[in-house]
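In the UniProt record's numbering, the protein residues as written are 1 to 122.
Let me begin by presenting the structure, written as structure tokens, before commenting on it.
The structure is reproduced here in structure tokens:
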């Protein structure tokens, strides 16, 4: 049997797809934030939700303790959209050279913020 790999994962035959391939339970459960950063990322990507393979999208839940941190990082191949469901969060990104301008804001419940592809953000 010949298998096709995309993104390091086997592509399932569309004729064999089932509803479970497009379902992920558990984002209602808070992540364990008992660590030095005081935060936990629960990632839902193609490895956890096979129906995402080849779609170029993933999802994450991030839980924070008070004063918890999300260290500055980048996503070289993706734009990120963040929605605050509870509490408040200081977020931002830095533009590329030559400006290196900080775009930052305190978000509250219901707010959305976009982090453009490839830019350092927190």
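Glycine is no exception: its CB is placed at the ideal position from the N, C-alpha and C atoms.
Straight-line gap, residue i to residue j (C-alpha atoms, nearest Å)
i, j, result
"residue 84", "residue 31", "15 Å"
"residue 37", "residue 25", "25 Å"
"residue 76", "residue 96", "13 Å"
"residue 27", "residue 121", "23 Å"
"residue 14", "residue 99", "47 Å"
"residue 50", "residue 22", "7 Å"
"residue 90", "residue 17", "41 Å"
"residue 111", "residue 79", "17 Å"
"residue 5", "residue 29", "31 Å"
"residue 55", "residue 101", "31 Å"
"residue 39", "residue 3", "38 Å"
"residue 119", "residue 74", "6 Å"
"residue 115", "residue 48", "23 Å"
"residue 67", "residue 44", "24 Å"
"residue 20", "residue 113", "30 Å"
"residue 103", "residue 7", "32 Å"
When the options are compared against residue i, the one with the closest alpha-carbon
i, options, result
"residue 81", "41, 117, 6 and 23", "117"
"residue 53", "69, 11, 19 and 119", "11"
C-beta atoms of residue i and residue j nearer than 8 Å
i, j, result
"residue 105", "residue 86", "no"
"residue 46", "residue 9", "yes"
"residue 64", "residue 42", "no"
"residue 88", "residue 69", "no"
Status (buried if at least 16 other CB within 10 Å, exposed otherwise) for residue i
i, result
"residue 93", "buried"
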